[in-house]
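Q:
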Amino acid sequence: MNPLNKVLRSFKADISSIELPKRFTFPFFYEPHPLCVVASLELQQELIENKDIQSLFDTSSKICLPYGKMFGVLIVQKKDNSIGYLTAYSGKLGHLENIENFVPPVFDLWNKDGFFKAEESVLNQINKEIEELESNPEFLLLHEKLSSAIATSEVLIKEKKEQLKTQKATRKKQRETNNFSLDSESYKMFQEDLIKQSLRDKHELKILINQWTDTIASINNSLDTLTNRLKEKKALRKEKSNLLQTKLFQQYQFLNIRGEQKDLIEIFENTTEKNPPAATGDCAAPKLLQYAFLHQLKPLAMAEFWWGNAPKSEIRKHKNFYPACRGKCEPILGHMLEGMDIDENLLINPQEIIGELKIVYDDEDIVIVNKPSELLSVPGINIQDSVYTRIKALYPNATGPLIVHRLDMATSGLLIVAKNKESHKSLQKQFLKKIVKKRYIALLDKELTTKNGVINLPLRVDLEDRPRQLVCFEYGKNAETHWELIESINNKSKVYFYPITGRTHQLRVHASHISGLNSPIVGDDLYGKKDNRLHLHAESIGFHHPRSYEWVQFNVKEDF
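Spelled out as structure tokens, the structure:
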């Protein structure tokens with residue numbers, strides 16, 4: 068049987084009324100095409116009905132995965148113009164291997180007869196030898212003897228030096244006393260005796276130091292034999308590990324529609340990182356496209372969704388669609404999508420001019436503006452339109468940095484702009500000292516059962532999927548948010564947010580994360596579901612005016 072027939076799926080639903088996509092999906096910012104939605108629903112039903120797969124996501128099962136997986140669908144067209152779709156999952160699904168009806172991995176890392184398994188066993192043997200050396204009783208005993216010898220030598224040498232110091236002081240006093248009581252000849256003999264005592268003391272100290280130096284050197288010599296063996300094993304492990312990693316990266320060969328092929332090393336050589344991150348090449352999107360190109364299938368549209376529980380540090384909602392990850396997939400997909408007609412990147416080229424920047428207050432020192440959603444606070448790499456550029460055009464005589472603080476691109480609301488350096492400095496100081504009082508209003512995607520609370524979840528950037536943020540108690544920066552329920556209506560909740568800190572995406576993550584409110588803000592395309600806009604608005608801000616130092620407060624009602 069042709070293996071393609073097992074993997075290429077036909078739609079169960081009637082799709083005759085759905086128009087085919089005009090261009091392929093831009094994988095890092097997209098609205099799932101209706102065909103992708105239908106294919107995803109069919110796949111999700113299969114995940115529920117497949118007992119082997121479902122057991123991996125059932126928390127009561129002994130073989131349940133620690134967290135969920137990203138699944139992908141790729142709508143394809145055969146040479147006879149018939150439409151079907153391919154499915155894939157990122158990485159590996161527990162103990163299951165090469166599951167029927169899913170595209171295979173680009174390179175079968177887990178093939179028992181492949182080179183990776185064989186060379187991995189060699190590395191495992193080296194690791195075992197390193198562990199045995201590190202836990203060798205003789206090695207541990209020598210370390211203990213060395214620490215004990217160093218500690219004892221330091222104590223005894225210190226005691227000896229103190230003793231000699233006391234004896235030296237005694238001799239000095241004896242000299243002073245006998246200088247007047249002895250005749251010159253007797254005093255001379257007395258002096259010679261004191262010199263002998265001093266030389267004897269120095270000799271005894273030298274002997275003591277030499278004894279302990281020899282003892283410590285002897286232990287070190289015995290220890291060096293084992294330490295050198297350990298270093299050799301670790302150097303061998305590093306060498307073999309690097310060679311294996313390079314060989315592995317060379318096995319991951321990716322095609323594009325032109326038939327051009329590149330391995331991971333070639334793909335990543337012109338990136339900032341230079342080296343591919345771990346597990347690169349095993350995500351759903353590259354697997355789907357690779358299979359399509361290998362079997363002369365024309366890719367039409369693609370979408371990926373999360374299935375199962377989220378990892379503790381990330382925000383992933385069951386069944387939600389997500390863009391491809393940037394750290395691992397962006398360089399690969401950049402190569403694989405060359406030569407294809409792709410949807411426009413709306414992150415760089417918005418389809419319409421962002422709404423009006425409204426002036427709420429204006430005097431000789433400051434301007435208060437109401438920023439529309441999707442307008443940048445400051446110019447980006449690819450987009451110049453921003454609060455900064457518009458203010459610069461409106462107030463050409465304003466001096467200084469202008470922007471005192473920022474709002475996320477998707478967030479609307481109040482921003483303070485300083486017209487001069489003195490005002491900017493004063494306002495910045497108020498932000499640093501947490502004098503400025505801010506209040507945001509947000510619409511959450513579920514009804515809350517409590518009235519208020521405090522969220523403390525430290526945040527850091529997801530290095531493999533910028534600009535997403537992770538909750539990280541080890542390396543994250545402190546992030547604190549106070550919140551208050553305004554009202555619940557139609558299975559949604561309006562809340563006030565009072566951010567104590569100002570971390571990137573703080574309110575969005577604190578709302579969405581399972582340890583926060585476990586409810587994404589409506590329209591959050593990073594941590595929830597896309598809508599007409601992100602329903603988050605900076606609706607109130609209070610501070611001391613930089614000139615009069617009077618307390619001023621500004622409020623602008625949300626439009627959602």
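Oh and the sequence shown: position 255 is 322 in the numbering used here, straight run, nothing missing.
Glycine included, every Cβ here is placed at the ideal spot set by N, Cα and C.
Rounded to whole angstroms, how far is the Cβ of G158 from the Cβ of K184, which I believe are closer than 8 Å?
A: What you label residue 158 is simply residue 91 of the sequence shown in a count that begins at 1. What you label residue 184 is simply residue 117 of the sequence shown in a count that begins at 1. Their Cβ separation, rounded to whole angstroms, is 17 Å, which puts G158 and K184 out of contact at 8 Å.
Q: Which class does H612 belong to by DSSP, given the choice of helix, strand or coil?
A: For the purposes of this step, residue 612 is taken as residue 545 along the sequence shown, with counting starting at 1. Looking at H612 - three-state DSSP - the assignment turns out to be coil, as it is neither helix nor strand.
Q: Expressed to the nearest angstrom, what Euclidean distance is found between the alpha-carbon atoms of T313 and N287?
A: Taking the first residue of the sequence shown as 1, we reach residue 313 at position 246. Taking the first residue of the sequence shown as 1, we reach residue 287 at position 220. If you take the alpha carbons of T313 and N287, they lie about 37 Å apart.
Q: Report the option in F93, N72 and F78 whose CA atom is closest to the CA atom of A391.
A: Indexing the sequence shown from 1 puts residue 391 at position 324. Of the listed residues, the one whose Cα sits closest to A391 is F93.
Q: Rounded to the nearest angstrom, what separates M68 and Q328 at their Cα positions?
A: Position 1 of the sequence shown, counted from the first residue, corresponds to residue 68. Position 261 of the sequence shown, counted from the first residue, corresponds to residue 328. Confidence is the limiting factor: at M68 the pLDDT is only 45, short of 50, which leaves the residue's position unreliable, though a coordinate-based value still follows. The straight-line gap from Cα to Cα measures roughly 28 Å.
Q: Between which two residues does the beta strand (DSSP E) harbouring A155 extend?
A: Numbered from its first residue, the sequence shown carries residue 155 at position 88. From DSSP, the beta strand (DSSP E) with A155 extends over I150 to Y156.
Q: Under 8 Å, with one C-beta from each stretch per pair, do the region 104–115 and the region 344–358 reach the 3-pair mark?
A: With a cut-off of 8 Å, the region 344–358 and the region 104–115 do not count as touching, because too few Cβ pairs lie within range.
Q: Within the region 84–168, note down every full alpha helix (DSSP H) run reaching 4 residues or more, in order along the chain.
A: Counting whole runs of 4 or more residues, the region 84–168 contains the alpha helix (DSSP H) stretches 101–116 and 118–122.
Q: Can you list, in chain order, the residues of its chain whose CB lies under 7 Å from that of I217, leaving out five sequence neighbours each side?
A: As a first step, residue 217 must be located in the sequence shown, where it is residue number 150. Contacts found: I283.
Q: Can you list, in chain order, the residues of its chain with a C-beta nearer than 8 Å to that of E606? Leave out the 5 residues immediately preceding and following it.
A: The residue given as residue 606 occupies position 539 in the sequence shown. Contacts found: G480, L481, R506, Y507, I508, N622, V623, K624 and E625.
Q: Would a C-beta distance cut-off of 7 Å place S579 and G595 closer than the cut-off?
A: Walking along the sequence shown from the start, residue 579 turns up at place 512. Walking along the sequence shown from the start, residue 595 turns up at place 528. Yes. Within cutoff.
Q: Which first and last residues belong to the beta strand (DSSP E) in which G520 is found?
A: The count along the sequence shown starts at 1 and reaches residue 520 at position 453. Start and end: N519 to N523.
Q: Where do the ends of the alpha helix (DSSP H) carrying F183 lie?
A: The count along the sequence shown starts at 1 and reaches residue 183 at position 116. Unbroken alpha helix (DSSP H) run through F183: F182 to E201.
Q: Leaving out five residues on either side along the sequence, give the residues of the same chain with a beta carbon under 7 Å from the beta carbon of N412.
A: On the sequence shown, position 345 is the one that residue 412 refers to. Cβ within range, chain order: F93 and F96.
Q: According to DSSP, is M68 helix, strand or coil?
A: On the sequence shown, residue 68 is found 1 positions in, with the first residue counted as 1. Note that M68 scores 45 on pLDDT, short of 50, meaning its location in the model is unreliable; the coordinates nonetheless yield the value given after this. Coil at M68, not helix or strand.
Q: Could you check whether the Cβ of Y462 sits closer than 7 Å to any Cβ belonging to chain B?
A: The structure shown contains no chain B, having only a single protein chain.
Q: Helix or strand or just coil, what does DSSP make of N545?
A: Counted from its first residue, the sequence shown places residue 545 at position 478. Reduced to three states, the DSSP call for N545 is coil.
Q: In whole angstroms, what separates the C-alpha of Y134 from that of S586?
A: Within the sequence shown, residue 134 is the residue found at index 67, counting from 1. Within the sequence shown, residue 586 is the residue found at index 519, counting from 1. Their Cα atoms are separated by approximately 18 Å.
Q: Given a threshold of 16 other Cβ atoms within 10 Å of its Cβ, counted over all protein chains shown, does S215 qualify as buried or as exposed?
A: In the sequence shown, the residue the question calls residue 215 occupies position 148. Exposed: under 16 other Cβ atoms inside 10 Å.
Q: Under three-state DSSP, which class holds K435?
A: Along the sequence shown, read from residue 1 onward, the residue named residue 435 stands at position 368. Per the sequence presented here, residue 435 reads as Ile, with Lys not at that position. Note: I435 maps to strand in three-state DSSP.
Q: Helix or strand or just coil, what does DSSP make of N487?
A: Position 420 of the sequence shown, counting from 1, holds the residue named residue 487. DSSP places N487 in coil when its eight states are reduced to three.
Q: Hey, how far is the Cα of Q230 from the Cα of S220?
A: Numbered from its first residue, the sequence shown carries residue 230 at position 163. Numbered from its first residue, the sequence shown carries residue 220 at position 153. C-alpha separation (whole angstroms): 15 Å.
Q: According to DSSP, is D254 helix, strand or coil?
A: Mapped onto the sequence shown, residue 254 falls at position 187. It should be pointed out that residue 254 corresponds to Tyr in this sequence rather than to Asp. Reduced to three states, the DSSP call for Y254 is helix.
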